[in-house]
Amino acid sequence: LECVRGSERLPADDCFQEELRGKLRILQTDSSEVTALFMELSAHLIAIDSEESIFLLTFKTFEEIWKFTTYYTIGFLGLCLENLLLEQKFWLRSLEDDVSVEVSVEEETLNLMYRGILMQEGTPPSGSAESLHLKLKLHGAEAGQGLRLLTNTQHTHLSVRETTPLINQISFLCSAGGTCEATEEYDAEGPDELSLAPGDRIIIVGLLVSCFDWFTGRKEVTGEVGLVKTSCFCSRSIDILLTGEDRPFFSLSEDRVIEETSTFLKKRSHHDTGLNYKLGETESVLLQLSPVSLLPGGRREQQHGELRSLFSCLESQDYRAEFGVLYGLSSEAIVSSAFSGHSGEAELMAFLGAARETARKKRLFWSQTRLCFLLGKLCAGRSKFSQARVYFEEALGVPREGFTDLRLLASIYSNLAAIYLLQNNSQSFFAVTERLVALLLGVSDCLESLEDDSALKYMLKKAVLSHNTKAEARACHLLARHHWTQSEEFRWFLTWRDFYHSYLTLGRLYSQLRLPHLSISSARITSVQPSATLTDCLSSMLLALDNINRLCNSTEQETSIPTQVAPYLHQALTSTRVLQPGSEQHYVLIHQLTVCLCQLFCKHRMVGHAIHHMHTLINNRQLLSSAPERNITLIRLAWLHINNNQPQVALEILDLLLDSMPEHCTTPQEGVVLNLRGVALRCMGDLRRAAESYEAAVDICQEYEDMANWAVAQANLGLLSLRGGAKRLAQSHLVEAVQLFSELDDEGHEENFISVLLELGQLYVRQQQMDYGKGCYEWALLLAIKANLLACQLTATTHLIRLYCSESQDQVQCLIYSQHQVHLLRRSGDRGEEGGALVAVSRLYLSLGTDRAYRAALDHTKTSLGIFIDLGCREKEALGWLQAGNIYHLLEQTELVEVYVQVAQDVALSSGDTGFILKLLEAAGDIFFNSSRDRDKAIPFYRDRALPIAVRSSSVSCRLRLCNKLSELMLSLQMFEEGVEFAQTALDISITLGDCLNQRVAYYRLASLYHRLDQYELAEHHYLKTLTLCPTPLLFDEETLYYVRVYQTLGDIIFYDLKVREIIPTRMWSSYLLRKEYLNDDNPCVSHYDLKSFFMWSLQDPFDAAGYYHLALAAAMDLGNKRAQLQLCTRLATIYHNFLIDRELSLFFYQKARAFAAELNVRRVNISPDQQQCSSSAAQ
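Be aware that the sequence shown starts at 15, since it is given in our numbering, and climbs by one per residue.
Below, the structure is given as structure tokens:
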């Protein structure tokens, strides 16, 4: 497939090609639509290659490949694919751009498959009767170099050159009609043949087709009619095909078509701007056959009398009408209707057998022939095919001078051919079928004698194989006539039967057979034919519209027209311009065509084109003879200018309209103008004058009791009040509008009603009246569902999702409406929006936090991932892979996490977008960073992959964020030395950027890392730097708690770590640790007082620690954190009791600690210094 432009068929712009590939990517995942299309086209879809824009197809039978080739030849294939693949707006753009989809087929490969299937079915005279199967392998440039034919027992490879003689055994002369002269002598071998001598002139009865062995002819001298050998003649005339007998199957009345189209378009544009305020019967004909009773009923007469009566009926050389009824009867009908008075089928066969023997003895040849025919049909009806074949062959061999009843001869041939086919007697089948074909080409009435269509299909296959297109067309015509009452078969053969004039007929038939793609294609070809009349265009449009609605399963109220109809509307308008001034009916039609086309342009925001067409209509004064019609057209034009952001132009048009209306007599149309004038003024920002226009429109509605337009005017007043900030007034007008809408009984106002409900609901929500707002939203959704307005359903559902997600949080309701939104988007065909909605649903499930919810989230994520892959959205695809990996991590399926994350990384790298690659690598690390498991796996993503790219791309903010995460991660994983490097880098970047918050974070992390590395001076320094960067005054409780923790940590460093480690010698420190170990083991040999004296000796300056603890206690008291106050009072009591020797303060803090302990149900307060050091170490 390829998008092409113009009559030169040059490649279209890249945007069109990408649009085509995007649709093919979607079909790769969900190929149900394209599979159904190719089933209509008699092909089987194997695969779709979206990047190369290729469909791979296969065929199983001759009929399938022949039908597909026919569709391709006459242009149906490309049109069907256009209708399936192209977006709605394309049909409007194509009116100017002349863009279409061009389909090319590998014709050599197709021909090979053609021949292979024909040989498989045994059609060529030289074909084997064995079962043949075709395998066709295509390998690039070698495609089409040969066939592989597999017989039942052995394999034989035939090249294309070797298969050619099989085809060339059939002569490729053209068909002829008229008179011909024999060039050879021929002796007839049966009564159905004519004997010839060189020079005999034969009048061709019907057609002489050189690719068949026989034709029907009449000797010019004697008038004898029979079958003639084709090889005995040389054709001179080639002027044959379809004669006057081949009349069209349908006829159309122009006046009726114009009337139907005008009525239809008027119905579709009934709810139009110019009229409203803005915010057949099928008859089944049953053909009944009344069989002719050949023998009188009642009591059986004597045998002799019966036979005499029977022979008098059957012994006729020529064909009679009652014979035609007899030849067409089934075996059951022969027993029950044609011959009465016999007790059963066996008795009737005995009677007919005796009659046949009597006729043979009496040399009543025609009676014998017809009795053999009847006996053969009865035997065939009882599945005694061998006995039936004997009777039919005897009927052919009865000696007589000639065979003038060609209908009987055709019936015998047809029955024999069916039996030979059942018995796999291909040689006899070919011989008999060749004779039957000659009769069918000569006398078309012989079609009524056919048992089935096998002979006609043989004729078609041989004509195709012989490349005789005229014979192929004739075969199609005969097949169409044969299957006229079997519509499911008729359509295929009508395609060729009337190549230039039957497209519309085909379209109607395809429509009846529920084949919408083919019906639309037929209508499309009809409308673009150079010779197409206005009637053809209009009929095609109605036919296409009916099938487009069927294809889309459209049940929406009939208020709009699909964009696929735009080419028909445009073509019909073009056809009307070349007509001479006509009747009022023509003017109404042109008016309706223009309005509908403008509506389509306006719907798809191509307002400039709509304005152009409307100006063309207005400039044609003959079309707007009355003032009301002209006013309606000007109102429509004004509305188009408003939509085109030209309210000033619209206001000028509307003011001119108001000036032209009578001053002392108001009309409903004046109300329409005033309402639209208010809309224009509102767009211009003139709210006062807009309100005056709306009020005047309301007064006119009240005067004429026009409830629908009154509701719209009230809603406009409400919207105007909202814009002016008068919420109470707006609510009053909107509520009144809702009340008026709810009292309407007729349809067509649902869209306006829904819009008003949504506006009112938003107003209630903004005023925190959630129940009222929810009620309005749900009412709007119910109305949209009832009217089947998909766009309105989506809008109402989106409002409900927003309500339950943010305003009135309810996860369950939000999830329900989000899933409904996905369903609606799937119906609308907007795959991109559907993917986004699925992502939102997945996040909602993730927020529930259960394994079952995680699995539901995974299903939705994978569905959205498939959509993004189809659409070629590389970034969304990468995020989808990553999200799936994240969910697998939550489900603890570790082996799949790395696979999905790696695929996400590969897709991101293929996009070439450095910013996105950084974003995705960081998000991949976040999966492990934000988890409690495998946190170390985040380090390679941050440090080894993302950070180097951030440095190279000078992405400072990303580099800062990565360094912060790495420092925190390494702190938690006890990788202190490596963490210092990244924390220092984060600090340097923060200072460069002047980011105080990030400086605080970096200083704190550096302090924590130095503390763990036992570098207490640096830890104290950085903790103090964090405090200097804290904001003042404090804004949140969390900030006060931060002061508590930092000051307490500083006190612990001074009291337990820094001073002790600096002052106490190593030997003494070891002794202290030994004593501490003894104390922990409750060793009674060591005294608390010994430890106390040790600390008194070792700690020279406890005042710093006490100062930090006092600051922390003040912050804890400000915060009201009693547990923190307990800890700090205990520490202060310990310092004052054991080191600063202040008994009063020690007792004070001890008592406060005891009070907090009692309140917090803590059993004991221990102020020994070793116990405090143990608790401090545990806290750290």
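Yeah, the Cβ is synthetic: ideal placement off N, Cα and C, and Gly gets one too.
For clarity, every value in this text was computed on a predicted model and none was experimentally measured.
- Contact annotation: the stretch 33 to 42 touches the stretch 878 to 897, with at least three C-beta pairs closer than 8 Å.
- Here residue 711 has 685, 688, 689 and 727 as same chain residues with Cβ atoms under 6 Å from its own Cβ, once five neighbours each way along the sequence are excluded.
- Here the stretch 357 to 374 makes no contact with the stretch 479 to 493; the two share fewer than three CB pairs at distances below 8 Å.
- Just measuring C-alpha positions, the residue of 275, 641 and 702 sitting nearest residue 674 is 641.
- Exposed is the label assigned to residue 929, since fewer than 16 other Cβ atoms lie within 10 Å of its Cβ.
- In the structure shown, residue 231 adopts extended strand secondary structure according to DSSP, grouped into three states.
- Here the C-alpha atom of residue 858 lies approximately 47 Å from the C-alpha atom of residue 662.
- Within a 10 Å sphere around the beta-carbon of residue 679 sit fewer than 16 other beta-carbons, which makes this residue exposed.
- Under the 8 Å Cβ criterion, the stretch 1129 to 1146 counts as touching the stretch 1161 to 1170, having at least three qualifying pairs.
- Residues 921, 924 and 925 of the same chain have their beta carbon placed closer than 7 Å to that of residue 888, with the five preceding and five following residues left out of the count.
- Across the structure, residue 537 and residue 554 are spaced so that their CA atoms are roughly 4 Å apart.
- In the three-state DSSP reduction, residue 58 falls in the strand class (E or B).
- Residue environment for residue 913: exposed (fewer than 16 other C-beta atoms within 10 angstroms of its C-beta).
- C-alpha of residue 1145 to C-alpha of residue 1153: approximately 11 Å in a straight line.
- Rounded to the nearest whole angstrom, the C-alpha separation of residue 879 and residue 899 is 12 Å.
- Here the stretch 600 to 611 makes contact with the stretch 272 to 281; the two share three or more CB pairs at distances below 8 Å.
- Its Cα nearest to that of residue 349, the residue 389 stands out among 389, 535, 370 and 815.
- Look at residue 732 here: in three-state DSSP terms it is helix.
- Taking 9 Å as the cut-off, the Cβ atoms of residue 533 and residue 520 count as close.
- Residue 633 counts as exposed, since fewer than 16 other beta carbons sit within 10 angstroms of its beta carbon.
- Per DSSP, residue 836 is not a residue of any beta strand (DSSP E); the alpha helix (DSSP H) it occupies stretches across 825 to 842.
- Secondary structure of residue 243 (DSSP, three-state): strand.
- For residue 113, the three-state secondary structure derived from DSSP is strand.
- In the three-state DSSP reduction, residue 329 falls in the coil class, being neither helix nor strand.
- In the DSSP assignment, residue 200 forms a beta bridge with 210.
- A direct Cα-Cα distance of roughly 31 Å separates residue 619 from residue 544.
- Here the C-alpha atom of residue 1176 lies approximately 24 Å from the C-alpha atom of residue 1069.
- For residue 419, the number of other beta carbons within 10 angstroms of its own is at least 16, and it is reported as buried.
- Judged by DSSP secondary structure, residue 852 falls within the alpha helix (DSSP H) whose first and last residues are 845 to 862.
- Annotated three-state conformation of residue 72 is strand, per DSSP.
- Of the other Cβ atoms in all chains shown, 16 or more fall within 10 Å of the Cβ of residue 627; this residue is therefore buried.
- Fewer than three Cβ pairs drawn from the stretch 442 to 455 and the stretch 330 to 337 lie within less than 8 Å of each other, which leaves the two stretches out of contact.
- The residue from 982, 960, 1155 and 854 with its alpha-carbon nearest to that of residue 932 is 960.
- For residue 779, the enclosing alpha helix (DSSP H) starts and ends at 764 to 780.
- With a cutoff of 9 Å on beta-carbon distance, residue 48 and residue 34 are scored as not near each other.
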